[in-house]
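Novice:
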Amino acid sequence: MTIVLRGVSRSWEEIVGLSDIDLDIADGERVAVIGRSGSGKTTLLRALAGLDTGITGELRGAAAPAVVFQDPRLFPWRSALDNVALGLRGTDPRDRARAMLAEVGLHGREDAWPRQLSGGQRQRVALARALVREPDLLLLDEPFSALDALTRVSAQALVADLWERHRPALLLVTHDVEEALLLTDRVLLLADGRLVHDERLPADLPRRRDDPALVARRADLLRRLGVEP
Amino acid sequence: MATWQLASSTGALPATTIGSPQDVTAAAWVLIEDGQLSHALVVSLRRVVLGVLLGLALATFFGLVAGLSPWGDVLLDPPMQMARAIPLYGVVPLFIVWFGIGESTKVILIALGVMVPLYLNLTAALRGIDPELSEVADTLRLTRWERLRHLVLPAALPGALVGLRLSLAVAWLVLIVSETINAESGIGFIVNNARTFLQNDIIVVGLLTYALLGLATDYLVRRMERRALRWQGGATR
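Protein chains in written order, with our numbering: chain E, 3 to 231; chain Y, 110 to 346.
1. Would you say Ala-87(E) and Pro-137(E) are within 9 angstroms of each other, going by their C-beta atoms?
2. For Phe-77(E), is the classification buried or exposed, using 16 other Cβ atoms within 10 angstroms of its Cβ as the cut-off for buried?
3. My parser needs the beta strand (DSSP E) runs of 3 or more residues fully inside the region 117 to 167 of chain E; what are they?
4. Closer than 9 angstroms, CB to CB, is Gln-341(Y) near chain E or not?
5. Quick one: what's Pro-67(E) bridged to in DSSP?
6. For Arg-80(E), which residues in chain Y fall below 7 angstroms Cβ to Cβ?
7. Tell me which residues share the same chain as Ala-344(Y) and place their Cβ nearer than 7 angstroms to its Cβ, disregarding the 5 neighbours each side in the sequence.
8. For Val-69(E) and chain Y, any beta-carbon pair shorter than 9 angstroms?
9. Hey, which unbroken runs of the alpha helix (DSSP H) at 4 residues or more fall wholly within the region 253 to 297 of chain Y?
10. Quick check: Pro-263(Y) and Gln-341(Y), are their CB atoms within less than 9 angstroms of each other?
11. Leaving out the 5 sequence neighbours to the left and right, which residues in its chain are closer than 6 angstroms to Thr-232(Y) when beta-carbon positions are compared?
12. Can a CB atom of chain Y be found closer than 9 angstroms to the CB of Phe-77(E)?
13. From the beta carbon of Ala-344(Y), is the nearest beta carbon of chain E less than 9 angstroms away?
14. What residue does the beta strand (DSSP E) around Ser-21(E) start on, and which one ends it?
15. With respect to the alpha helix (DSSP H) encompassing Val-158(Y), which residues constitute its N-terminal and C-terminal limits?
16. Nearest-angstrom Cα distance between Ala-205(E) and Val-261(Y)?
17. Where do the ends of the alpha helix (DSSP H) carrying Leu-185(E) lie?
18. Can you find the residues in the same chain that come closer than 7 angstroms, C-beta to C-beta, to Arg-8(E), ignoring five residues on each side of it along the sequence?
19. Nearest by alpha-carbon distance to Leu-162(Y): which of Leu-282(Y), Leu-257(Y), Ser-276(Y) and Ala-325(Y) is it?
20. DSSP three-state call for Gly-37(E): helix, strand or coil?
21. Quick check on this structure: which residue in Leu-141(E), Arg-135(E), Asp-113(E) and Ala-104(E) has the alpha carbon closest to the alpha carbon of Arg-126(E)?
22. Going by beta carbon distance, what residues of the same chain come within less than 8 angstroms of Ser-39(E), once the five residues before and after it are set aside?
23. Determine the contact status of Leu-50(E) and Leu-173(E), defining contact as a CB-CB distance below 9 angstroms.
24. Check whether the Cβ of Trp-14(E) lies closer than 9 angstroms to any Cβ atom in chain Y.
25. Cutting at 6 angstroms between CB atoms, please list the residues of its own chain near Ala-68(E), excluding the five before and the five after it.
26. Rounded to whole angstroms, what's the CA-CA distance from Glu-144(E) to Thr-153(E)? Just pull it up for me.
27. Okay, do the region 152 to 169 of chain Y and the region 219 to 239 of chain Y touch, 3+ Cβ pairs below 8 angstroms being the bar?
28. State the DSSP-derived secondary structure class of Trp-14(E), mapped to helix, strand or coil.
29. Once the 5 residues before and after Arg-304(Y) are set aside, which same chain residues still bring their CB inside 7 angstroms of it?
30. Would you say Glu-244(Y) faces chain E, with C-beta separation under 9 angstroms as the test?
31. So, for Arg-100(E): in the same chain, excluding its five sequence neighbours on each side, which residues have a beta-carbon less than 7 angstroms away from its beta-carbon?
32. Provide the residue(s) that pair with Val-6(E) in DSSP beta bridges, ordered along the chain.
33. Taking 8 angstroms as the cut-off, is the beta-carbon of Gly-323(Y) closer than that to any non-hydrogen atom of the ligand SAH?
34. Tell me which same chain residues have a C-beta within less than 7 angstroms of the C-beta of Leu-159(Y), skipping the five on either side of it?
35. Identify each residue in the region 164 to 184 of chain E for which the Cβ-Cβ distance to at least one residue of chain Y is less than 8 angstroms, and report them in chain order.
36. So, does the CB of Pro-263(Y) fall closer than 9 angstroms to a CB anywhere in chain E?
See below:
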């Protein structure tokens, strides 16, 4: 068991961000967090990333978390390769960064400035930057929401593929229920900072958008979110 | 140029006001021939280079301290803002009392003039660093040095270069003033001497030299900017 949260809360003055969260995430487990805006999804992610020092309760986090944000957040003054290699320790960081860029399909664009890349390509650089560190927990904060529909589908496929090869635990924050069902093994639902629903998906659930079992689960989750499908 | 020459030739522009381009060129040629201009140029350039180097070093040091640490800001920013508010030429008498009328007064005046614009632009640029990128630096667990090298300095560079251009323009202005007030050599000395003997042509040569020097430094900084800020261009979308 890598990650353990017991009674984790976070609040600012009058606003409650997270309230008494109990959660375990196993090695290599893929977890989606869904919920309406302001439900605490991103607060939970930031706590797990170690970016929030104001949380209370017990949190045994990952040893090496890596984050992909909603925007790629690349350093615009560094090439794609340098962005991936940034702060990378160990042997041959640039070679490892180059291999990871190739893995996300950006072979040949190593020297491009972030501005010269498309939105989808930039997000792939951000994915490479996270994965090259061999994280034990990969945190994705609505990483596809700024992409156009076609780019989003291929980026989702890329994430599924990369997880198969590297097998980090994965926490995907999303407002897209379908995306959660396609990419993860377990769906958490947050409302007003509380964990209100925790659903493990059957291992044999077909990960196809038009599969009736998946469509039925999607409808159920949407109802729980208060949306009539 | 043609209008100027025409006005001078027809007498519409008397030589006592300003000489014709022909006269000015002739005067310049004489100054170049006898080595006066090159000697003056070396002397003036030396003052500017020393003053600029000192001013840039001070601005970079104070700017980094004030821009990167809260207590540095509290300690350094008020005196720097005061220095900005005092007209530079107002301190000339005090400097003459302190440092005499030698080279050091001119160099220190230039250094002070240069320091202010770079300091202001550098601190503003450092305060404006994107907090989202700082967060990335946190998640990547960058060391202090890596953060400075890959985030802080490149992010502050565009603002710092704007400050550098303003600073260099100020450097020439201060040079002119300090050389006009007191100098035994340099371009300002030539101009001042020419005034005494009502040699308008030579004054114009001196002014043109200042203008060319100003243009040359601006060109150099622009080239630096283009090279240092390559990442800003070449957008494909």
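Each residue gets a CB set at the ideal place from its N, CA and C atoms; glycine is no exception.
Specialist: This is what the structure gives:
1. Residue mapping note: residue 87(E) aligns to position 85 of the first sequence, counting from 1. Residue mapping note: residue 137(E) aligns to position 135 of the first sequence, counting from 1. Cβ atoms of Ala-87(E) and Pro-137(E): not closer than 9 angstroms.
2. If you number the first sequence from 1, residue 77(E) lands on position 75. Answer is buried; the Cβ neighbour count reaches 16.
3. 139 to 143
4. Against the second sequence, residue 341(Y) aligns to sequence position 232. True, the Cβ-Cβ gap to chain E drops below 9 angstroms.
5. Indexing the first sequence from 1 puts residue 67(E) at position 65. The partner list for Pro-67(E) (beta bridge, DSSP) reads Leu-139(E).
6. Sequence index remark: in the first sequence, residue 80(E) carries index 78 (1-based). Those within 7 angstroms of Arg-80(E) in chain Y are His-259.
7. In the second sequence, counting from the first residue as 1, residue 344(Y) sits at position 235. Because the pLDDT at Ala-344(Y) is just 47, under 50, the model does not fix this residue reliably, and the value given afterwards should be weighed accordingly. No residues qualify anywhere along the chain.
8. One-based indexing of the first sequence puts residue 69(E) at position 67. Chain Y contact via Cβ: present.
9. 253 to 256 and 262 to 290
10. Mapped onto the second sequence, residue 263(Y) falls at position 154. Mapped onto the second sequence, residue 341(Y) falls at position 232. No, the Cβ-Cβ distance between Pro-263(Y) and Gln-341(Y) is not below 9 angstroms.
11. One-based indexing of the second sequence puts residue 232(Y) at position 123. The beta carbon of Thr-232(Y) lies closer than 6 angstroms to those of Gly-172, Ala-175 and Gly-176 in the same chain, with the five residues before and after it left out.
12. For the purposes of this step, residue 77(E) is taken as residue 75 along the first sequence, with counting starting at 1. Closer than 9 angstroms: yes.
13. What you label residue 344(Y) is simply residue 235 of the second sequence in a count that begins at 1. Residue confidence for Ala-344(Y) is low, a pLDDT of 47 falling below 50, so the modelled location carries little weight and cannot support an answer.
14. Here residue 21(E) is taken as the residue at index 19 of the first sequence, counted from 1. Note, Ser-21(E): beta strand (DSSP E), 17 to 27.
15. For the purposes of this step, residue 158(Y) is taken as residue 49 along the second sequence, with counting starting at 1. Taken as a continuous stretch (DSSP letters only), the alpha helix (DSSP H) holding Val-158(Y) covers 145 to 177.
16. On the first sequence, position 203 is the one that residue 205(E) refers to. On the second sequence, position 152 is the one that residue 261(Y) refers to. If I take the Cα positions, the gap works out to 47 angstroms.
17. As a working mapping, residue 185(E) is identified with position 183 in the first sequence. Its alpha helix (DSSP H) spans residues 179 to 185.
18. For the purposes of this step, residue 8(E) is identified with residue 6 of the first sequence, where counting begins at 1. Cβ neighbours of Arg-8(E) beyond the five flanking positions: Asp-24, Gly-59 and Glu-60.
19. In the second sequence, the residue the question calls residue 162(Y) occupies position 53. Checked all of Leu-282(Y), Leu-257(Y), Ser-276(Y) and Ala-325(Y); the closest Cα to Leu-162(Y) is Ser-276(Y).
20. Locating residue 37(E) in the first sequence gives position 35, counting from the first residue. In the structure shown, Gly-37(E) sits in a strand (DSSP, three-state: E or B).
21. If you number the first sequence from 1, residue 126(E) lands on position 124. If we check each option's Cα against that of Arg-126(E), Ala-104(E) comes out closest.
22. What you label residue 39(E) is simply residue 37 of the first sequence in a count that begins at 1. Only His-177 meet the Cβ criterion.
23. On the first sequence, position 48 is the one that residue 50(E) refers to. On the first sequence, position 171 is the one that residue 173(E) refers to. Taking 9 angstroms as the Cβ cut-off, Leu-50(E) and Leu-173(E) qualify as a contacting pair.
24. On the first sequence, residue 14(E) is found 12 positions in, with the first residue counted as 1. So, not an interface residue.
25. For this step, residue 68(E) is matched to residue 66 along the first sequence. Within the same chain, Ala-68(E) has close Cβ partners Ala-132, Arg-135, Pro-137 and Leu-140.
26. The sequence position of residue 144(E) within the first sequence is 142, counting from 1. The sequence position of residue 153(E) within the first sequence is 151, counting from 1. Spanning the two alpha carbons is a distance of roughly 14 angstroms.
27. yes
28. Locating residue 14(E) in the first sequence gives position 12, where the first residue counts as 1. Reduced to three states, the DSSP call for Trp-14(E) is strand.
29. As a first step, residue 304(Y) is located in the second sequence; it is residue number 195 there, counting from the start. Closer than 7 angstroms at Cβ, skipping near neighbours: Ile-312.
30. For the purposes of this step, residue 244(Y) is taken as the residue at position 135 of the second sequence. Taking Cβ atoms only, chain E reaches closer than 9 angstroms to Glu-244(Y), which makes this a yes.
31. In the first sequence, the residue the question calls residue 100(E) occupies position 98. Result list for Arg-100(E): Leu-83 and Glu-112, in chain order.
32. Locating residue 6(E) in the first sequence gives position 4, where the first residue counts as 1. Looking at the DSSP assignment, Val-6(E) forms a beta bridge with Asp-26(E) and Arg-62(E).
33. This structure simply doesn't include the ligand SAH, nor any ligand for that matter.
34. Here residue 159(Y) refers to the residue found at position 50 of the second sequence. Cβ within range, chain order: Val-216.
35. none
36. For the purposes of this step, residue 263(Y) is identified with residue 154 of the second sequence, where counting begins at 1. Interface with chain E (9 angstroms Cβ-Cβ cutoff): Pro-263(Y) is included.
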